[in-house]
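As structure tokens, the structure follows; a few thoughts come after it.
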DNA sequence: CTTGCATTTTACCGAACGGTCAACTAGCAT
DNA sequence: ATGCTAGTTGACCGTTCGGTAAAATGCAAG
């Protein structure tokens, strides 16, 4: 089982950077198998379909983030609004380091996949939506604490959290269009100016 | 030349909704030719490559917007900040009507293509970037007029314009993940809360 | 009537696509 | 030693991919 798991994770490891740097449709299973040093028959022993592979890839990216930058950023020890600064910083430095290594801004894999596949595959769309929903919750909790501590005036934490997530994705999209992570540095901090007021009581 | 032009524009007309509703890689030239009632050889008489077709499609979408909603929204007769409201409204109603007809939120073709191809094709990326740059200019002029008329306090119009554009794209992305244009209605108006201050006199 | 050009048709190219299958290997428990 | 199973192999499926080339049209000017 150890070796078997190794094959499976080698496949995922080969698929991750490819899906991130190109697109779902543009990366073939053949190429992933070559990258992983695995035969196509083996691939289909572990993954019923290409979609199942990309789901595993999404999970790995999500875990990586949740246990990495996101865990650091949303540290309860930090003042609430500083956590948001931290997250923006982390996104900036991550994209920047990827560009240094890879030569290109790759952007957010979740955003990339969302725009590519969500009209064509509701299961993938649901999976990606779940990740955005979790991210939104992090923002929301943070905003609620910022309100509770009097750091910011009361607001609609749920909607503002969603707005902030949208802004982050949008900035990454625009930065990718410019192939320049510095846009994250310039535009990122403005995320804290976003506000949606509480409506009706 | 009339009939010839007709063939060319039939090809573009067949390609537009397909690229918009799916993706660049997922739409084949064969299918576009069938949709246009044209032979593949004819296609390559008018377009040297698939990339040239999608460039023409981008141009048509851009013109459509520039002469439609965008022209209406950025009407100099409107108070500056109301133009931004108008644009958000237009995006909302457009996405909503598409969903009613098509059954799905398709989002912004420029954002869709940007995330799909901009790591793989610098010519397409440049084309899409040019469109975003034009859009940013519209926002910037509007903000400058809002500042000049005293509607809003002074700010960095260029950066705030870029932030607003990013936010709009991000909201559309998130709405597409939810397949629900109503998110545009809820989050859209907060675009006016975005502010990036002037740095260093 | 003919030359020339733009357009269209049809057949075709090699490569890649996602996915399947049967045969084979290795390890382990009975 | 035997049988079972997880894993692996490599050949193969039909289809589609973007793109090409040559021959056939239609049409307009000389």
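Protein chains in written order, with my numbering: chain A, 5 to 205; chain B, 5 to 205. Where is the CB? At the ideal position from N, CA and C, for every residue including glycine.
Cβ of residue i within 8 Å of any chain A Cβ
| i | result |
| --- | --- |
| residue 54 of chain B | no |
| residue 171 of chain B | yes |
| residue 143 of chain B | no |
| residue 175 of chain B | yes |
| residue 57 of chain B | no |
| residue 182 of chain B | yes |
| residue 39 of chain B | no |
| residue 5 of chain B | For residue 5 of chain B, the predicted structure reports a pLDDT of 41, less than 50, and the residue's modelled location is therefore unreliable. A value from the coordinates is still provided. It does not: the Cβ of residue 5 of chain B has no partner Cβ on chain A nearer than 8 Å. |
| residue 101 of chain B | no |
| residue 82 of chain B | no |
| residue 146 of chain B | no |
| residue 165 of chain B | no |
| residue 115 of chain B | yes |
| residue 120 of chain B | yes |
| residue 136 of chain B | yes |
| residue 87 of chain B | no |
| residue 123 of chain B | yes |
| residue 46 of chain B | no |
| residue 108 of chain B | yes |
| residue 12 of chain B | no |
N- and C-terminal bounds of the alpha helix (DSSP H) containing residue i
| i | result |
| --- | --- |
| residue 57 of chain A | 54 to 71 |
| residue 34 of chain A | 33 to 40 |
| residue 50 of chain A | 44 to 50 |
Interface flag, residue i vs chain B, CB-CB below 8 Å
| i | result |
| --- | --- |
| residue 91 of chain A | no |
| residue 128 of chain A | no |
| residue 206 of chain A | Lying outside 5 to 205, the shown extent of chain A, residue 206 of chain A is not represented and no answer is given. |
| residue 111 of chain A | yes |
| residue 29 of chain A | yes |
| residue 197 of chain A | yes |
| residue 18 of chain A | no |
| residue 194 of chain A | yes |
| residue 190 of chain A | yes |
| residue 25 of chain A | yes |
| residue 152 of chain A | no |
beta-carbon residue i near the ligand COA non-hydrogen atom, thresh 7 Å
| i | result |
| --- | --- |
| residue 30 of chain A | You won't find the ligand COA in this model; it holds no ligand whatsoever. |
Exercise. In the stretch 134 to 185 of chain B, which residue ranges form an unbroken alpha helix (DSSP H) of at least 4 residues, counting only runs that do not cross its ends?
Worked result: Runs of the alpha helix (DSSP H) inside the stretch 134 to 185 of chain B: 161 to 182.
Problem set entry | Entirely enclosed alpha helix (DSSP H) segments - the stretch 83 to 117 of chain B, minimum 4 residues | Those alpha helix (DSSP H) runs which fall completely within the stretch 83 to 117 of chain B and span 4+ residues are 84 to 106.
Exercise. Okay, do the stretch 18 to 36 of chain B and the stretch 24 to 33 of chain A touch, 3+ Cβ pairs below 8 Å being the bar?
Worked result: Taking a cut-off of 8 Å for Cβ pairs, the stretch 18 to 36 of chain B and the stretch 24 to 33 of chain A touch, as three or more such pairs fall below it.
For this session: Determine contact between the stretch 184 to 203 of chain B and the stretch 78 to 97 of chain B, defined as no fewer than three beta-carbon pairs at a distance below 8 Å.
Result: By the Cβ rule, the stretch 184 to 203 of chain B counts as touching the stretch 78 to 97 of chain B, because three or more pairs are nearer than 8 Å.
Exercise. Okay, do the stretch 148 to 162 of chain A and the stretch 121 to 138 of chain A touch, 3+ Cβ pairs below 8 Å being the bar?
Worked result: Counting C-beta pairs with one atom in each stretch, the stretch 148 to 162 of chain A and the stretch 121 to 138 of chain A have fewer than three that are closer than 8 Å, which means they do not touch.
Problem set entry | the stretch 92 to 105 of chain A / the stretch 117 to 124 of chain A touching (three or more Cβ pairs under 8 Å) | Taking a contact to require three or more Cβ pairs closer than 8 Å, the stretch 92 to 105 of chain A and the stretch 117 to 124 of chain A do not qualify as touching.
Exercise. Are there three or more Cβ pairs, one per stretch, closer than 8 Å when the stretch 55 to 66 of chain A is compared with the stretch 9 to 23 of chain A?
Worked result: Cβ pair count under 8 Å is three or more, so yes.
For this session: Could you tell me whether the stretch 65 to 85 of chain A touches the stretch 137 to 152 of chain A, where touching means 3 or more Cβ pairs closer than 8 Å?
Result: By the criterion of at least three beta-carbon pairs nearer than 8 Å, the stretch 65 to 85 of chain A is in contact with the stretch 137 to 152 of chain A.
Exercise. Is the number of C-beta pairs between the stretch 46 to 57 of chain B and the stretch 136 to 146 of chain B that are closer than 8 Å three or more?
Worked result: By the Cβ rule, the stretch 46 to 57 of chain B does not count as touching the stretch 136 to 146 of chain B, because fewer than three pairs are nearer than 8 Å.
For this session: Indicate whether the contact test is met: 3 or more Cβ pairs, each with one atom in the stretch 156 to 170 of chain A and one in the stretch 66 to 81 of chain B, closer than 8 Å.
Result: The stretch 156 to 170 of chain A and the stretch 66 to 81 of chain B do not touch, with fewer than 3 CB-CB distances between them shorter than 8 Å.
For this session: Determine contact between the stretch 173 to 192 of chain B and the stretch 162 to 174 of chain A, defined as no fewer than three beta-carbon pairs at a distance below 8 Å.
Result: Yes: the two stretches touch, three or more of their Cβ pairs being nearer than 8 Å.
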